[in-house]
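One structure is given here, and the rest of the page talks about it.
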Amino acid sequence: DIIANGKAGTKVQCLKKASDALKERKNVFIDRCNLERGQRAEFIQLGKQQADVHAVVLDLPAQLCIARSVKRTEHEGGLKGGSAAAVVNRMLQKKEMPKLNEGFSRISFCHTEADVEDSVDTYRKLGPSDSLTPGCFGQRSSDAKVQVGIMKFLKKLQPSENADVCQVSDFEKDKEAKEGPSGEELKEPIPSSGLLDTRVKGRHNLSKDVFVADYYTLAFPSISTSDFQFSLEKASEIIVEEVSEFLSKTENLRLVLVDLTEQSRILAMVNAKAVQRKIDKKRFCTFVGDITRLYS
Numbered sequence: 060d061i062i063a064n065g066k067a068g069t070k071v072q073c074l075k076k077a078s079d080a081l082k083e084r085k086n087v088f089i090d091r092c093n094l095e096r097g098q099r100a101e102f103i104q105l106g107k108q109q110a111d112v113h114a115v116v117l118d119l120p121a122q123l124c125i126a127r128s129v130k131r132t133e134h135e136g137g138l139k140g141g142s143a144a145a146v147v148n149r150m151l152q153k154k155e156m157p158k159l160n161e162g163f164s165r166i167s168f169c170h171t172e173a174d175v176e177d178s179v180d181t182y183r184k185l186g187p188s189d190s191l192t193p194g195c196f197g198q199r200s201s202d203a204k205v206q207v208g209i210m211k212f213l214k215k216l217q218p219s220e221n222a223d224v225c226q227v228s229d230f231e232k233d234k235e236a237k238e239g240p241s242g243e244e245l246k247e248p249i250p251s252s253g254l255l256d257t258r259v260k261g262r263h264n265l266s267k268d269v270f271v272a273d274y275y276t277l278a279f280p281s282i283s284t285s286d287f288q289f290s291l292e293k294a295s296e297i298i299v300e301e302v303s304e305f306l307s308k309t310e311n312l313r314l315v316l317v318d319l320t321e322q323s324r325i326l327a328m329v330n331a332k333a334v335q336r337k338i339d340k341k342r343f344c345t346f347v348g349d350i351t352r353l354y355s
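If you count the sequence shown from 1, position 78 lands on 137 in the numbering used here, and the numbers rise without skipping.
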């Protein structure tokens, strides 16, 4: 928005302004999402010929990103309110972490707001002839837990050198043998409407009676409307819309919306809208329980 005096700017404008500044031997800071490798390629190419290219990665919790975007007002790109959550989640699922072999001389990762402040302070203190040590700093190990959207229970693996997408691991298994046998299993299919009380101690087993072997299952938690100040009606519409769109692009995947209580209004509303949209109950259903103790 700065590039266009408060209005939505364009990539071409950013490239032109950056090129002109580099020719004047100025330092350039570009504030863009650039979540995918292709999105940042032109900027890297622009800088490689004339300057060191650094990346500061704001790998902040998705929950924080969503909360901030929801609270926005008068955003030049219209990203605000309830629709912002869906947009942020879609963007984060396409995220490709930058690598040095793209052309960066330095990459620093920020996982907290304190990290961001430290990075800003570091660059603010740089003088005309100062430089920073090249390399990659603050990157978490490839098997570290990260958040994708608001699905904290998943583990995402860093893509290999030639990988196009990140892989998502199976649900994390309980490592403490002292807990003994697993919790109760569900013996009845989950209905496409209405709620099922599955409160049990220990882990919740989504048994083969419920989930056909031909399907892979992806569970995701319900949205905390108190945290994000969502309209329940709008939130349920977004969930069902995204579920419908996602299922239309896959063949052997089942989605499960999970909440802690059978009194959950969001589950009831999602169920009702799913029935209206005639979404196959074998491919989308709801479950009441603790998602962190769920396995299949």
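Note that beta-carbon positions come from the ideal geometry of N, C-alpha and C, so glycine has one too.
Anyone know if the C-beta pair for residue i and residue j falls short of 9 Å?
{"i": "S167", "j": "V115", "result": "yes"}
{"i": "S307", "j": "V329", "result": "no"}
{"i": "A144", "j": "S164", "result": "no"}
{"i": "E155", "j": "R96", "result": "yes"}
{"i": "D177", "j": "C169", "result": "yes"}
{"i": "K130", "j": "Q109", "result": "no"}
Just the Cα atoms here: how many angstroms apart are residue i and residue j?
{"i": "G261", "j": "D118", "result": "Because the pLDDT of G261 is 41, which lies under 50, any placement of that residue in the model is unreliable, and the number read from its coordinates should be weighed accordingly. One C-alpha to the other measures close to 32 Å."}
{"i": "E231", "j": "F102", "result": "In this prediction, E231 scores a pLDDT of 31, lower than 50, which makes its location untrustworthy; no coordinate-derived value is stated."}
{"i": "M69", "j": "R352", "result": "Here residue 69 is Thr; the residue named in the question, Met, does not match the sequence. Between T69 and R352, the C-alpha separation is close to 45 Å."}
{"i": "I350", "j": "T320", "result": "11 Å"}
{"i": "K76", "j": "K85", "result": "11 Å"}
{"i": "N148", "j": "P157", "result": "19 Å"}
{"i": "K356", "j": "L191", "result": "In the structure displayed, the chain extends from 60 to 355; residue 356 sits before or after that span and is not available."}
{"i": "K293", "j": "C195", "result": "41 Å"}
{"i": "E300", "j": "R336", "result": "9 Å"}
{"i": "S281", "j": "G186", "result": "48 Å"}
{"i": "S323", "j": "K107", "result": "53 Å"}
{"i": "P240", "j": "S290", "result": "Its pLDDT being 38, under 50, P240 is placed unreliably in this model, and the coordinates cannot settle the point."}
{"i": "K341", "j": "C73", "result": "48 Å"}
{"i": "E310", "j": "E304", "result": "12 Å"}
{"i": "Q152", "j": "G197", "result": "21 Å"}
{"i": "A121", "j": "A331", "result": "28 Å"}
{"i": "L150", "j": "A126", "result": "According to the sequence provided, residue 150 is Met. The question's Leu does not apply to it. Going by the C-alpha atoms only, they are around 15 Å apart."}
{"i": "D189", "j": "Y182", "result": "10 Å"}
{"i": "F346", "j": "V334", "result": "16 Å"}
{"i": "C124", "j": "F279", "result": "18 Å"}
{"i": "P193", "j": "D174", "result": "18 Å"}
{"i": "E235", "j": "R91", "result": "In this predicted model, E235 has a pLDDT of only 36, less than 50, meaning its place in the structure is not dependable enough to derive any value."}
Just list the residues that DSSP pairs residue i with in beta bridges.
{"i": "Y275", "result": "L312"}
{"i": "V115", "result": "S167"}
{"i": "T345", "result": "L316"}
{"i": "G162", "result": "None, per the DSSP bridge assignment."}
{"i": "F54", "result": "Past the edges of the chain, shown from 60 to 355, lies residue 54, and the structure says nothing about it."}
{"i": "P22", "result": "The structure shown has nothing for residue 22, since the chain only spans 60 to 355."}
Which residues in the same chain have their Cβ closer than 8 Å to the Cβ of residue i, if we skip the five residues on either side of it in sequence?
{"i": "Q104", "result": "G162"}
{"i": "I89", "result": "C73, A77 and F102"}
{"i": "A274", "result": "It is Tyr, not Ala, that sits at residue 274 in the sequence shown. Excluding sequence neighbours, Y274 sits near N311, L312, R313, K341 and R342."}
{"i": "T171", "result": "L119"}
Could you tell me if the beta carbon of residue i falls within a distance shorter than 8 Å of some heavy atom in the ligand GDP?
{"i": "K340", "result": "For the ligand GDP, the structure offers nothing, since it holds no ligand at all."}
Our contact map puts residue i next to residue j with C-beta atoms below 8 Å; I'd like the distance itself, whole angstroms only.
{"i": "L277", "j": "L312", "result": "6 Å"}
{"i": "A80", "j": "V87", "result": "5 Å"}
{"i": "V315", "j": "C344", "result": "6 Å"}
Closer than 6 Å by C-beta to residue i: which residues in its own chain qualify, once you throw out the five before and the five after it? Chain order, please.
{"i": "D339", "result": "none"}
{"i": "I298", "result": "V329"}
{"i": "N93", "result": "R99"}
{"i": "Q206", "result": "Note that Q206 scores 36 on pLDDT, short of 50, meaning its location in the model is unreliable; the coordinates nonetheless yield the value given after this. Result list for Q206: P120 and A121, in chain order."}
Leaving out the 5 sequence neighbours to the left and right, which residues in its chain are closer than 7 Å to residue i when beta-carbon positions are compared?
{"i": "L159", "result": "I166 and C195"}
Please confirm if residue i has its CB atom under 9 Å from at least one CB of chain B.
{"i": "D79", "result": "Going by chain labels, chain B is absent from the structure shown, which holds only one protein chain."}
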